[in-house]
Structure formats: C-alpha cells, structure tokens
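One structure is given here, and the rest of the page talks about it.
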Amino acid sequence: LLLCETKLEEAGEVELVATARDKDGNQSEAAASVWVTRQGELWFGGEDHDRIDVLPEKKSYQPGETARLQVRMPFRQATALVSVEREGVIDMRVVQLNGQDPTVQLKIEEGWGPNVYVSVLALRGRLREVPWYSFFTWGFKAPREWWTAFWYEGKEYV
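Numbered continuously in full-length UniProt numbering, the sequence shown closes out at residue 158.
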C-alpha cells in the first residue's frame with residue numbers, strides 16, 4: 001500500500017503514475033486517472049469530440065439497487081436524455097444535470113439482467129442570442145449568392 005499527498009493548483013484530469021523496481025532492475029508501472037475539482041463545482045472540460053464519459057459508482061449492480069452514474073459533461077447545467085439499452089431501448093428518461101452534482105440515479109429493475117448499457121445525451125441551449133446576420137459571417141453564403149449558385153450550378157453545389 002502506497003500513500004502520498006499533494007496540493008494541486010488547477011482543477012482537471014490528473015494522471016497518477018506509480019513506478020516500482022525490483023532487485024533485478026525490472027520496472028513496473030501502474031496508473032490511474034482522477035478528476036480534481038474546484039470547491040463546489042463538478043463539471044468537466046470539453047474536448048474536440050462529442051464524447052462524454054458516464055462512470056458508475058461500482059462495477060456491477062443487482063436488481064433493486066440504485067445505480068449512481070457520474071456524467072462527465074462540459075456544461076454547468078444540461079438537460080440529459082438517459083437511456084437503458086440492450087438489443088434496443090429498454091427504458092429512457094429526461095433528467096436535469098448541474099455542475100454541483102452531475103449524477104444520474106437509476107433503480108435497477110429485475111428485467112434488465114443479465115447486461116444493460118446506459119447512454120446519456122447531454123444538451124444545453126445557447127448561452128447568448130445570435131444575430132440572424134451572423135450566419136453569413138460564419139461562412140454561409142449570402143442569400144443572393146446562394147440562390148444564384150442553386151439556380152445555375154444545381155442542387156449538388158449548395
């Protein structure tokens with residue numbers, strides 16, 4: 001058993017690596033990833049893909065138990081569609097998630113065995129209004145250009 005302490009300045013994902021060497025010089029490493037939060041908030045940074053992690057509190061559950069799943073979403077608040085799946089959708093529900101406690105609780109039903117999977121789709125609305133003309137500054141064609149291209153170049157062009 002190895003115990004160690006440290007003070008971390010920044011919140012985020014931390015990779016913990018332990019290295020051991022035996023008397024013959026053979027080296028072995030073990031690693032674990034933990035998420036360090038700021039006081040009072042538990043939300044996770046976004047990356048350049050649309051994946052979020054859903055982590056169970058323990059590895060397996062029995063019927064009648066309540067599963068607690070941590071949703072590592074990049075939002076302070078979100079509406080989440082939670083689905084329980086096995087050869088199709090067995091159960092689904094809509095829940096509200098927030099940065100203080102981004103967890104979903106599911107009571108494990110008798111008919112869900114032997115294995116089910118849980119998917120979470122987290123959504124949030126815009127943070128501020130977007131003016132209508134901003135679509136043209138983001139690379140969309142102006143209406144006249146679009147119509148000309150559609151009319152003369154064909155539907156494949158647009």
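All C-beta atoms in this analysis are idealised placements derived from N, C-alpha and C, irrespective of residue type, glycine included.
Taking the Cβ atom as the reference point for each residue, do Val94 and Leu106 lie within a distance shorter than 8 Å?
no
Got a sec? Which residues, its chain only, sit under 8 Å from Met92 by beta carbon, not counting five neighbours each side?
Leu81, Val82, Ser83, Val84
Rounding to the nearest angstrom, what Cα-Cα distance links Ile52 and Gly25 in this structure?
40 Å
Could you have a look at Arg68 and say whether DSSP puts it in helix, strand or coil?
strand
Measure the alpha-carbon distance for Asn98 versus Arg126 and round it to whole angstroms.
16 Å
Nearest to Val104 by alpha carbon, out of Tyr152, Leu123, Glu129, Val71?
Val71
Would you identify the three-state DSSP class for Glu145, choosing helix, strand or coil?
helix
Sequence-distant residues of the same chain with beta carbon closer than 6 Å to Ala32, five excluded per side:
Leu16
Once DSSP output is grouped into helix, strand and coil, what is the label at Glu110?
helix
Asp24: first and last residue of the uninterrupted beta strand (DSSP E) it sits in:
Note, Asp24: premise wrong, no beta strand (DSSP E); not H, not E.
Residues in its own chain within less than 6 Å of Ala20 by CB, not counting five upstream and five downstream?
Ser28
Proximity below 8 Å, CB of Leu123 to CB of Thr79:
yes
Taking the alpha-carbon positions, what's the Val120 to Ala30 distance?
30 Å
Report yes if the C-beta distance between Arg86 and Val116 is below 8 Å; otherwise report no.
yes
Buried or exposed for Pro56, please, with buried defined as at least 16 other CB atoms from any protein chain shown within 10 angstroms of its CB.
exposed
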